[in-house]
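Just so you know, we're using numbering that gives the first Met the number 0 here: the sequence shown kicks off at 0 and counts up by one.
Cβ atoms here follow ideal geometry from the backbone N, Cα and C, with glycine treated the same way.
Please read these numbers as outputs of a predicted model, since none were measured by experiment.
Down below is the structure, laid out as structure tokens.
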Amino acid sequence: MFKRFYPSEYVDSTYEIDFRGLYQKGYRGLLFDIDNTLVEHGADASEQAIHFFRELKEIGYEVCLLSNNKIERVERFNNKIKVKYIHNARKPSKKNYLKAMQLMKTDVNNTVFIGDQLFTDVFGANRVGLRTYLVKPIDPKEEIQIVLKRYLERVVLHYYKKSLKKKKVR
């Protein structure tokens, strides 16, 4: 029942993912949510994020930000990063995941999505068939509608972790 919301991987932070290893496995495109995935909600690009995106470009990745935020927010974050982006993405709708891959000239077989929310980020990417990384939110302070979703996410994550334990036993 909950499997459609399960990420391919669940990690503590975007910044701990082995992007060089993913590149060696043939991945060429990266889609990122912004808030609580790369920086705190509403924050500009940090020095860590700026360096991180520079490194991703050096590795050879095409990168696109996929955000449900308004254009002003996304452009402000992207000001020093300078990657492709789609604002008002309406995640979990499939449309803009597909559009982002067109912009990057990648496809579902060589693109990864990284985000902090199960019901928008991961669910939408799963609907398209992408490899997904769910990251723990950077900042626990969130808008009320997200706080409410987090309660439901805990239920799904409980079953997700249980399913991982079953796989290990086999």
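For residue i, name the three-state secondary structure that DSSP assigns.
i      : result
SER126 : The sequence shown places Arg at residue 126, rather than the Ser named in the question. Helix.
LEU37  : coil
LYS83  : strand
VAL134 : strand
TYR5   : coil
VAL155 : helix
GLY28  : strand
THR119 : helix
THR105 : coil
Alpha carbon to alpha carbon, how far is residue i from residue j?
i      : j      : result
GLN116 : GLU57  : 28 Å
ALA48  : TYR150 : 28 Å
ALA44  : VAL134 : 18 Å
GLY114 : LYS2   : 17 Å
LYS138 : ALA42  : Reading the sequence as shown, one finds Asp at residue 138 and not Lys. Each residue's Cα considered, the two are about 11 Å apart.
SER66  : LEU163 : 29 Å
GLY59  : LEU156 : 33 Å
ARG72  : TYR159 : 32 Å
VAL255 : PHE118 : Nothing can be reported for residue 255, as the shown portion of the chain is limited to 0 through 169.
LYS90  : GLU54  : 27 Å
ASN108 : ILE70  : 29 Å
HIS86  : LYS165 : 38 Å
LEU64  : ASN95  : 11 Å
PHE31  : TYR22  : 16 Å
LYS83  : PRO136 : 23 Å
PHE52  : LYS148 : 29 Å
By alpha-carbon positions, which one of the options ends up nearest to residue i?
i     : options                      : result
ASP11 : PHE52, TYR132, HIS157        : TYR132
LYS81 : LYS98, GLY20, HIS50, ASP17   : HIS50
GLU46 : LYS161, TYR14, PHE31         : TYR14
ILE33 : ASN68, THR110, ASP106, TYR96 : ASN68
PHE18 : PHE112, VAL121, PRO136       : PHE112
Is any non-hydrogen atom of the ligand SAH found closer than 8 Å to the C-beta of residue i, if you look at the structure I gave you?
i      : result
VAL154 : This structure does not include the ligand SAH; it has no bound ligands of any sort.
Next item on the list: Identify every run of the beta strand (DSSP E) within the region 40-78, keeping only runs that are complete inside it and at least 3 residues long; order them along the chain.
Entry: 61-65
Notebook entry, point to check: Can at least three beta-carbon pairs, one atom from the region 5-24 and one from the region 119-135, be found at a separation below 8 Å?
Noted result: yes
Margin query: Closer than 8 Å is the cut-off here; do at least three beta carbon pairs connect the region 76-93 with the region 25-45?
Written below: yes
Notebook entry, point to check: Are there three or more Cβ pairs, one per stretch, closer than 8 Å when the region 152-160 is compared with the region 14-33?
Noted result: no
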